[in-house]
Amino acid sequence: MSKVALIRRIAIGLLAPLTLVGLFAGSAEAASPLTLTDIYNPAKITRIDFNLPASSVTSLNTKETLETYVPGSVTLTSGTKTSGAQEIQVRLKGSTSLQKLDWTPSFKIKFKKGPTGLGYLGLRRMTLNAMTQDDSKLHEFGAYTLFNAMGVQASKTGWARVYVNGIDKGLYINIETPDETFMSRKFRDITQHIYEGAGSDFWMGADYGDNKTGPFLVDYGWKVTPNKYDLNNLIAYTYLYDPATWYSGLNTVTDRTSLIKFFAVENFVGHWDGYSGPDKNNYFIRSNTQGKFTFIPWGTDQTFGENRWSQQVGDTFDMPMLSAKSDQPWVQNLDRGKLYVQCINYKPCKTAYLQALKAVSAKAASIGLTTKFSNAAKVIAPVLQSQYGQNLSTMKYLDDIRTEQNRTIWYVGNRRTQVADLLKQNGIK
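Under UniProt numbering, the first residue of the sequence shown carries the number 1, and numbering increases by one thereafter.
Here is the structure:
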């Protein structure tokens, strides 16, 4: 890493917190009374207005270009507070949930860089999920709340009502994007790389490709460090054959304590579409300049046991919390994440994981997660009523939402019972 690059990264880390309180904001930001607390407040709904030119609308309604960033502006409003119009680039997002602009798509936003290289309120990016794969509209809110409560570095969330050129798109969840500015807020050391874990595991050879190719894409760090040597080292480490050596040294290539808690929360919320689940999907890994990795959760919409394979509303899919293989709603008997399986197959790591599960279960109770779900359901109910309660074709979906919300709340208590049984079976007091 060059001296200039090192100085720049240190500067970003130092300036980001100051930017958040407006000390280094641009002129538009300095005039804005909005704060990150307003945007990521579970008790309020932020209005988000996109103003898109005709060319951008056309691009976002075209299959071949809807995931390509196009220009526009956005205004955020919370009560009497407003951001004013912010210049942005915007694209649509999703895999199986990807939709055209004319429907109900999810959005990725990039704010214009200010003098410090950061964007609006220190946010370079923003993710708005339409929650089309979550009938409760609560799963992501609850999952990230629990990750954060357990000390796992995870996104904050807020509610949003989104309008595109005046057209009401309804309720969205605003999820803090795990990018370079997120890392500068969450970590005191310097970020070397941010990798996307999308259907990828740490098998030999999985470090091939450049920043835009291969199993692990690089979201940040390639300009300064255009290689995947840190990832190669992590992968090589997973092939240590002596379990005791593997476990004792795991803390040299990962934040071991955080990793085990990450596994525990993923399993408690039933995140089968995450790393420790059968899909080995939806996670980020962040390395520092010493090549030490931290796992960041993502894509938590299909959690808390909602069974999207079943046609029966309120049916539950339970991912086992201690198994090398697992079903997911559509496919059976799949291998789970390699590091997770190695952990539960070595007694000291398995014990640490079970103790972490115990702590997660206790934390869900101590923070009042079920009460938070109930309160959030009340906050978002008026928007959902407006979105789905105005015509007969969608009114039944409101009943489905309420059913799934009640099942999600029930799931937390049921999962706590399952954890207690699992601890008893394994002699954990």
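We treat Cβ as the ideally placed atom computed from N, Cα and C, and that holds for glycine.
In this chain, E176 is not harboured by any beta strand (DSSP E), its DSSP state being neither H nor E. For N281, the number of other beta carbons within 10 angstroms of its own is at least 16, and it is reported as buried. By the Cβ rule, the region 198-207 does not count as touching the region 164-176, because fewer than three pairs are nearer than 8 Å. Residue pairing from DSSP places L123 in a beta bridge opposite Y120. Taking 4 residues as the minimum length, the alpha helix (DSSP H) runs contained wholly in the region 22-106 are 27-31, 36-39, 54-60, in order along the chain.
For S287, there is no enclosing alpha helix (DSSP H); the enclosing beta strand (DSSP E) covers residues 283-288.
Using a Cβ-Cβ distance cut-off of 8 Å, the region 44-52 and the region 378-392 are in contact, since at least three pairs of beta carbons, one from each stretch, lie closer than that value.
Shown here, N129 sits in a strand according to DSSP, grouped into three states. For the set T77, P226, F50, the Cα lying nearest the Cα of L36 is the one of T77. With respect to the 9 Å criterion, P348 and Y247 are classified as neighbours on the basis of their beta carbons. Taken through DSSP and simplified to helix, strand or coil, P297 comes out as strand.
A Cβ-Cβ separation of about 7 Å places I401 in contact with S136 under the 8 Å criterion. The beta carbons of A154 and K363 sit about 13 Å from each other, so the pair does not count as a contact at 8 Å.
When the alpha-carbon of N61 is set against those of R188, S323, T80, K93, the nearest one is in K93.
A Cβ-Cβ separation of about 26 Å leaves L146 out of contact with V331 under the 8 Å criterion. The DSSP assignment places 229-237, 243-253, 256-268 as complete runs of the alpha helix (DSSP H) inside the region 218-286, in order along the chain (cut-off: 4 residues). Classified as exposed, G427 has fewer than 16 neighbouring CB atoms from the shown chains inside 10 Å of its CB.
For R402, the uninterrupted alpha helix (DSSP H) run begins and ends at 392-425, by DSSP. Nearest to R308 by C-alpha distance, out of W272, E87, T181, is W272.
Among the bridge pairs identified by DSSP, I380 is matched with none.
Collapsing the DSSP output to three states places Q387 in a helix. Exclusion of the five residues before and after K156 leaves Y40, E176 as the residues of its chain whose Cβ lies within less than 6 Å of its Cβ. Cβ contact annotation for L231 (same chain, cutoff 7 Å, sequence separation greater than five): Y195, D207, F216, in chain order. Cβ atoms of Q387 and D134 stay farther apart than 8 Å, at about 14 Å. Relative to the Cα of F304, the nearest Cα in the group G291, D242, L369, T289 belongs to L369. Separation of K186 and W410 (C-alpha to C-alpha, rounded to the nearest whole angstrom) is 32 Å. For T351, the enclosing alpha helix (DSSP H) starts and ends at 347-366. Boundaries of the alpha helix (DSSP H) harbouring Q342: 338-344, taken from the DSSP string. Straight-line measurement puts the Cα of Q328 at about 8 Å from the Cα of D279.
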